[in-house]
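Residue numbers (my numbering): 428 to 712. Glycine included, C-beta positions come from ideal geometry on N, C-alpha and C. Below is one structure, written out as structure tokens, with a few remarks after it.
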Ligand SMILES: Cc1ncc(COP(=O)(O)O)c(C=O)c1O
């Protein structure tokens with residue numbers, strides 16, 4: 428029996444394995460685009476650990492920085508005291524944004540869903556003093572208790588939606604929820620519906636609308652080019668924040684650092700995670 432089989436046998440015995448099927452290999456080491464298993468096999472990694480290892484596995488700059496810092500300080504997350512590393516990380520994240528004046532503060536957390544999305548929604552509530560959160564059909568925002576309930580395929584298991592959550596249509600150009608229309612007409616209809624929900628379902632009590640700029644888990648769905656521009660105009664009229672979940676699209680995955688740069692729109696809050704840290708658990712907004 429190879430080492431892989433031996434370990435997998437015990438993994439099946441001792442570990443609550445993932446809900447989704449994973450690759451039944453046992454990795455010992457990873458470098459650049461390759462992963463190496465415990466039996467000496469080499470694999471070309473097309474997964475990049477769910478898009479986290481965007482610089483390749485274990486780039487020396489990252490591993491050196493982790494090793495050097497861990498020797499001095501591990502528990503330094505900004506709760507009880509600050510560190511220079513936190514400040515440097517904030518400056519580095521801000522330097523990735525095109526508008527230096529618009530995005531001027533960063534908050535770090537541990538994962539896309541927990542720290543990024545959930546906290547962005549809490550901040551939107553406190554900032555606007557409104558309560559409803561709106562998100563778009565087919566969107567995916569993670570696997571915490573709240574964000575799992577947003578996930579269309581999982582709603583049967585993790586629903587119902589929390590009170591004060593509204594689902595609005597996303598203008599899927601090829602399967603427009605409003606029928607046979609051009610992508611632009613579909614986008615316009617979606618914005619009109621969103622405005623209708625704001626006025627007549629939430630009675631203007633909406634703190635934010637959260638969306639991915641390009642839906643990932645929903646099927647790599649790119650909305651019509653002018654959709655977000657139209658949407659932002661309407662949201663601004665009501666003082667509703669536009670929150671972009673760039674956990675999957677950010678860090679250069681669509682050709683620009685952030686996908687929002689391709690839609691002529693500036694969201695009020697941008698949530699980043701995954702590729703931002705090359706595999707370490709961290710998120711920022
Ligand atoms: C668009 C999007 N938002 C949020 C998340 C959740 O991020 P995390 O797994 O870091 O909690 C994911 C994860 O796949 C994602 O793709």
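Any contact between the segment 447 to 458 and the segment 638 to 657? By contact I mean 3 or more CB pairs, one from each, below 8 angstroms.
no
Going by DSSP, name the residue or residues bridged to residue 561.
Within the chain shown, the letter at position 134 stands for residue 561. Bridge partners of residue 561: 593 and 636.
Please confirm if the segment 653 to 664 is in contact with the segment 492 to 503, defined as three or more CB-CB distances below 8 angstroms between the two stretches.
no
Any beta strand (DSSP E) of 3 or more consecutive residues that is wholly inside the segment 526 to 583
559 to 563
Quick check: does the Cβ of residue 576 come within less than 8 angstroms of any heavy atom belonging to ligand 1?
Here residue 576 refers to the residue found at position 149 of the chain shown. No.
Reducing DSSP to helix, strand and coil, say where residue 671 ends up.
Your numbering for residue 671 matches position 244 in the chain shown. Three-state result, residue 671: strand.
Quick check on residue 536: buried or exposed, where buried means 16 or more other Cβ atoms within 10 Å of its Cβ?
Your numbering for residue 536 matches position 109 in the chain shown. Residue 536 is buried by the Cβ-count criterion.
Which residues in the same chain as residue 571 place their Cβ atom closer than 7 angstroms to its Cβ, once the five residues preceding and following it in sequence are excluded?
Walking along the chain shown from the start, residue 571 turns up at place 144. Here the set comprises 540, 541 and 545.
What does DSSP give as the partner residue(s) for residue 461 in the beta ladder?
For the purposes of this step, residue 461 is taken as the residue at position 34 of the chain shown. Partner(s): 458 and 471.
Are residue 677 and residue 706 touching if we call contact CB-CB under 9 angstroms?
By one-based count along the chain shown, residue 677 stands at place 250. By one-based count along the chain shown, residue 706 stands at place 279. No, the pair does not count as a contact, with Cβ atoms beyond the cut-off.
The segment 555 to 568 / the segment 626 to 638 touching (three or more Cβ pairs under 8 angstroms):
yes
Between 470, 457, 568 and 467, which lies nearest to residue 485 when the distance is taken from Cα to Cα?
As a position in the chain shown, residue 485 is number 58, starting the count at 1. The shortest Cα separation from residue 485 among 470, 457, 568 and 467 belongs to 457.
Could you check whether the segment 607 to 624 touches the segment 592 to 599, counting it as contact only if at least three pairs of C-beta atoms, one from each stretch, sit closer than 8 angstroms?
yes
For residue 493, report the span of its alpha helix (DSSP H) as first-last.
What you label residue 493 is simply residue 66 of the chain shown in a count that begins at 1. Run containing residue 493: 487 to 499, per the alpha helix (DSSP H) assignment.
Burial state of residue 469, where buried means 16 or more other Cβ atoms lie within 10 Å:
Within the chain shown, residue 469 is the residue found at index 42, counting from 1. Exposed, because fewer than 16 other Cβ atoms sit within 10 Å of the Cβ of residue 469.
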